[in-house]
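In my numbering, the protein residues as written are 144 to 418.
See below:
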């Protein structure tokens with residue numbers, strides 16, 4: 144089992160509950176898309192899996208380990224096997240793309256190699272290979288502040304591909320890309336997961352992309368799971384219920400779930416759902 148969450152809740156200091164009594168598990172090699180309206184808790188769920196957040200209550204197991212029971216050193220080693228793709232990758236503006244890619248291995252390289260690689264990139268061929276998969280090989284020595292939003296997202300994906308983690312987490316990884324590049328990028332993430340039997344969990348606003356690339360769909364609303372189903376069993380009715388609110392138009396685009404166009408759901412952040 145790659146991860147297991149049991150009745151976990153996350154409450155912020157202001158009293159807001161981002162996740163409520165959530166139970167979810169993912170096996171090795173699974174590809175899971177998390178969908179839902181804005182403020183549903185998708186990013187919070189991924190941050191919980193990345194050990195960036197500790198649950199207020201409940202249990203979390205990652206790669207058959209309890210992260211919050213580990214020593215600092217063992218927790219660092221666990222985090223080396225978890226790769227996170229951010230919607231807005233946190234890269235210094237003046238950093239070179241090659242340095243950003245090679246940062247994916249800093250957790251496993253010895254300190255001297257990590258420091259040396261800042262001045263003399265240690266694996267140009269490896270960085271170029273991952274960028275080429277995402278049609279960015281010609282931007283190897285560009286600065287990150289010279290890239291568009293979509294290019295920067297692809298650099299973030301390339302860094303995780305270079306990292307080769309056992310658990311890949313992707314938070315809106317293609318939100319700034321056109322449809323062609325979005326499909327290319329998700330295809331490479333899915334190919335990587337399948338090739339290495341890694342687990343891939345991605346949050347997506349575009350429902351059609353979730354249904355196209357992910358065999359398992361988790362619908363999240365107000366910090367709780369609304370449904371957890373194979374993609375072929377996700378119906379228009381379920382999607383309308385998931386996204387319906389006073390300020391959101393439910394998706395209506397044909398009768399077949401797999402023919403749905405991308406859904407861009409807005410709306411205010413929901414009220415606390417903690418019980």
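Glycine residues also receive a C-beta, built at the ideal position from the N, C-alpha and C atoms.
Being a predicted model, the structure only gives us computed values, none of them experimental.
Subject >> CA-to-CA distance, residue 280 to residue 267, given in whole angstroms >> reply: 11 Å
Original post:
Quick one: what's got a C-beta closer than 6 Å to residue 149's C-beta in the same chain, skipping five residues either side?
Top reply: 166, 201 and 202
Original post:
Among the residues of its own chain, which have a CB less than 6 Å from the CB of residue 298, if the five just before and after it don't count?
Top reply: 240 and 243
Subject >> Segment limits, alpha helix (DSSP H) that includes residue 168 >> reply: Premise fails: residue 168 lies in the beta strand (DSSP E), 160-169, not in any alpha helix (DSSP H).
Original post:
Buried or exposed: which applies to residue 389, given that a residue is buried once 16 or more other Cβ atoms fall within 10 Å of its Cβ?
Top reply: With a pLDDT of 38 at residue 389, under the threshold of 50, the modelled position of this residue cannot be trusted, and the question is left open.
Subject >> Spatial distance of residue 377 from residue 317 (CA atoms) >> reply: 22 Å
Original post:
So what does DSSP say about residue 298, is it helix, strand or coil?
Top reply: helix
**OP:** Would you mind stating whether residue 346 and residue 177 have Cβ atoms separated by less than 8 Å?
**Re:** yes
Original post:
Roughly how far, in whole angstroms, is the beta-carbon of residue 362 from the beta-carbon of residue 385, given that I think they are within contact range, below 8 Å?
Top reply: 5 Å
Subject >> Buried versus exposed call for residue 234 [16 or more other C-beta atoms within 10 Å across all chains shown] >> reply: buried
**OP:** Report all residues from its chain with a CB closer than 6 Å to the CB of residue 335; omit the five preceding and five following residues, and keep chain order.
**Re:** 304
Subject >> Environment of residue 289 [buried if 16+ CB atoms lie within 10 Å] >> reply: exposed
Original post:
Quick check: the region 347-357 against the region 171-187, are there 3 or more CB pairs under 8 Å?
Top reply: yes
Original post:
So what does DSSP say about residue 306, is it helix, strand or coil?
Top reply: helix
**OP:** Specify the secondary structure class of residue 396 as computed by DSSP and reduced to three states.
**Re:** Because the pLDDT at residue 396 is just 29, under 50, the model does not fix this residue reliably, and the value given afterwards should be weighed accordingly. DSSP places residue 396 in coil when its eight states are reduced to three.
**OP:** Check whether the region 268-275 touches the region 318-329, taking contact to mean three or more Cβ pairs, one atom from each stretch, closer than 8 Å.
**Re:** no
Original post:
Grouping DSSP H, G and I as helix and E and B as strand, with all else coil, what is residue 251?
Top reply: coil
Original post:
Which stretch, first to last residue, makes up the alpha helix (DSSP H) that contains residue 359?
Top reply: Per DSSP, residue 359 belongs to no alpha helix (DSSP H); it is in the beta strand (DSSP E), 359-364.
Original post:
Is residue 291 buried or exposed, if buried means 16 or more other CB atoms sit within 10 Å of its CB?
Top reply: exposed
Original post:
DSSP on residue 319, reduced to helix/strand/coil?
Top reply: coil
Original post:
By the 10 Å Cβ neighbour count, where 16 or more other Cβ atoms means buried, how is residue 284 classified, buried or exposed?
Top reply: exposed
**OP:** Could you give the DSSP three-state label for residue 343: helix, strand or coil?
**Re:** strand
Original post:
How would you call residue 392, buried or exposed, if buried means at least 16 neighbouring beta carbons within 10 angstroms?
Top reply: Residue confidence is low: residue 392 scores 47 on pLDDT, short of 50, so the model does not pin down where it sits. No coordinate-derived value is stated.
Subject >> Beta-carbon separation (whole angstroms), residue 295 vs residue 265, contact threshold 8 Å >> reply: About 22 Å separates the two Cβ atoms, so there is no contact after all.
Subject >> Nearest-angstrom Cα separation, counted from residue 315 out to residue 231 >> reply: 9 Å
Subject >> residue 197, buried or exposed, once every other Cβ within 10 Å from all chains shown has been counted against 16 >> reply: exposed
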